[in-house]
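Line by line, the protein sequences are chains A and B. Sequential numbering of the first sequence, starting at 2, is according to the working numbering. Sequential numbering of the second sequence, starting at 3, is according to the working numbering. What follows is a single structure, written as structure tokens, with notes after it.
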Amino acid sequence: KQEVTQIPAALSVPEGENLVLNCSFTDSAIYNLQWFRQDPGKGLTSLLLIQSSQREQTSGRLNASLDKSSGRSTLYIAASQPGDSATYLCAVTGGGGSNYKLTFGKGTLLTVNP
Amino acid sequence: EAGVVQSPRYKIIEKKQPVAFWCNPISGHNTLYWYLQNLGQGPELLIRYENEEAVDDSQLPKDRFSAERLKGVDSTLKIQPAELGDSAVYLCASSSGTGGKETQYFGPGTRLLVL
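Put into structure tokens, the structure is as follows:
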């Protein structure tokens with residue numbers, strides 16, 4: 002069974018700080034890894050998708066890395082802003098005997114203080 | 003382009019009552035997913051459709067939950083009867099391909115409270 006763990010569970014930083022969110026998964030036989038953002042009372046928005054053959058993806062101030070062999074990914078947010086406050090979820094496709102199943106972590110609740 | 007649409011957004015019912023949730027996926031997306039998200043947890047897959055076929059319903063509690071996707075477009079998830087533990091957010095997602103490797107696009111969810 003694939004399991005995804007996210008550390009820390011919550012993070013509070015002052016505006017402008019660079020920060021790193023961590024994700025680990027138990028089965029490295031994945032197709033891809035995604036980082037999602039979830040705002041309170043809303044659905045999930047896909048931020049970055051890294052295919053298993055890739056090492057990183059970048060979008061604006063966001064950079065996600067993937068080390069498939071060690072089962073780890075990081076999401077780097079540069080120059081954080083109050084609007085970045087949300088829950089960030091890591092999810093992997095595959096592993097644990099399922100080709101397509103998307104397995105989520107519990108998320109990291111990020112608060113960026115003005 | 004419209005995103006995944008879900009209704010209702012919120013629902014409050016008493017236990018033992020039936021409830022239904024509706025999802026309209028992004029146009030052209032042939033794969034549709036229903037997820038359950040408990041407070042403080044990540045979403046967990048309940049059922050996955052490819053067109054009108056339920057290709058994985060192994061996590062769906064079939065004694066009280068049912069789903070359908072008529073004509074391979076809209077989908078309905080039903081709970082009958084609802085229990086207190088069913089209080090959660092029910093998310094619908096869709097993707098353009100099959101096999102689950104493509105990005106899934108999520109709707110805003112239906113927040114269910116069972117009293």
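Think of the CB as a built atom: it goes at the ideal place given N, C-alpha and C, for glycine as much as any other residue.
Sub-7 angstroms separation of residue i and residue j beta-carbons
{"i": "R73 (chain A)", "j": "S25 (chain A)", "result": "yes"}
{"i": "G106 (chain A)", "j": "T27 (chain A)", "result": "no"}
{"i": "L90 (chain A)", "j": "G61 (chain A)", "result": "no"}
{"i": "L50 (chain A)", "j": "T105 (chain B)", "result": "yes"}
{"i": "L38 (chain B)", "j": "A84 (chain B)", "result": "no"}
{"i": "G109 (chain B)", "j": "V6 (chain B)", "result": "yes"}
{"i": "T104 (chain A)", "j": "Q3 (chain A)", "result": "yes"}
{"i": "L79 (chain B)", "j": "Q61 (chain B)", "result": "no"}
{"i": "A22 (chain B)", "j": "I49 (chain B)", "result": "no"}
{"i": "Y25 (chain B)", "j": "S77 (chain B)", "result": "Per the sequence shown, the amino acid found at residue 25 (chain B) is Cys instead of Tyr. Yes, the Cβ-Cβ distance between C25 (chain B) and S77 (chain B) is below 7 angstroms."}
{"i": "L114 (chain B)", "j": "K13 (chain B)", "result": "yes"}
{"i": "L20 (chain A)", "j": "S86 (chain A)", "result": "no"}
{"i": "L45 (chain A)", "j": "Q52 (chain A)", "result": "no"}
{"i": "T112 (chain B)", "j": "Q8 (chain B)", "result": "yes"}
Candidates the options, of which the one nearest residue i by Cα
{"i": "G96 (chain A)", "options": "A:E16, A:N33, A:T112", "result": "A:N33"}
{"i": "I78 (chain A)", "options": "A:T104, A:T27, A:D68, A:V14", "result": "A:V14"}
{"i": "E55 (chain B)", "options": "B:A95, B:R11, B:V75", "result": "B:V75"}
{"i": "V93 (chain A)", "options": "A:E16, A:F37, A:E18", "result": "A:F37"}
{"i": "I15 (chain B)", "options": "B:G5, B:E52, B:I81", "result": "B:I81"}
{"i": "L67 (chain A)", "options": "A:Q35, A:L111, A:L45", "result": "A:Q35"}
Beta-carbon neighbours of residue i, restricted to chain B and to distances below 9 angstroms
{"i": "S47 (chain A)", "result": "T105, Q106, Y107, F108"}
Where the beta strand (DSSP E) containing residue i begins and where it ends
{"i": "Y77 (chain A)", "result": "73-78"}
{"i": "A84 (chain B)", "result": "Element bounds for A84 (chain B): n/a, residue is neither H nor E."}
{"i": "L48 (chain B)", "result": "46-52"}
{"i": "Q58 (chain A)", "result": "57-60"}
{"i": "V21 (chain B)", "result": "21-26"}
{"i": "A30 (chain A)", "result": "Taken as a continuous stretch (DSSP letters only), A30 (chain A) belongs to no beta strand (DSSP E), as it is neither H nor E."}
{"i": "K13 (chain B)", "result": "12-15"}
Exposed unless 16 or more other CB atoms sit within 10 angstroms - verdict on residue i
{"i": "K73 (chain B)", "result": "exposed"}
{"i": "V117 (chain A)", "result": "There is simply no residue 117 (chain A) to check, as chain A begins at 2 and stops at 115 in what is shown."}
{"i": "P27 (chain B)", "result": "buried"}
{"i": "R71 (chain B)", "result": "buried"}
{"i": "L41 (chain B)", "result": "exposed"}
{"i": "V116 (chain B)", "result": "buried"}
Amino acids of chain B, ordered along the chain, whose beta-carbon sits closer than 8 angstroms to that of residue i
{"i": "L34 (chain A)", "result": "The premise fails here: L34 (chain A) is roughly 12 angstroms from chain B at the closest Cβ pair, so nothing lies under 8 angstroms."}
{"i": "L50 (chain A)", "result": "T105"}
Contact list for residue i against chain A, beta-carbon separation under 8 angstroms
{"i": "G30 (chain B)", "result": "What G30 (chain B) touches in chain A: nothing, since even the nearest Cβ is about 17 angstroms away."}
Closer than 7 angstroms at the beta carbon, the chain D residues around residue i
{"i": "F105 (chain A)", "result": "Absent here is chain D; the protein component of the structure consists of chains A and B."}
Cross-chain neighbours of residue i in chain B, by beta carbon under 7 angstroms
{"i": "G44 (chain A)", "result": "L93, F108, G109, P110, G111"}
{"i": "G108 (chain A)", "result": "G44"}
{"i": "L63 (chain A)", "result": "Those do not exist, as L63 (chain A) stays about 15 angstroms from chain B at its closest Cβ, beyond 7 angstroms."}
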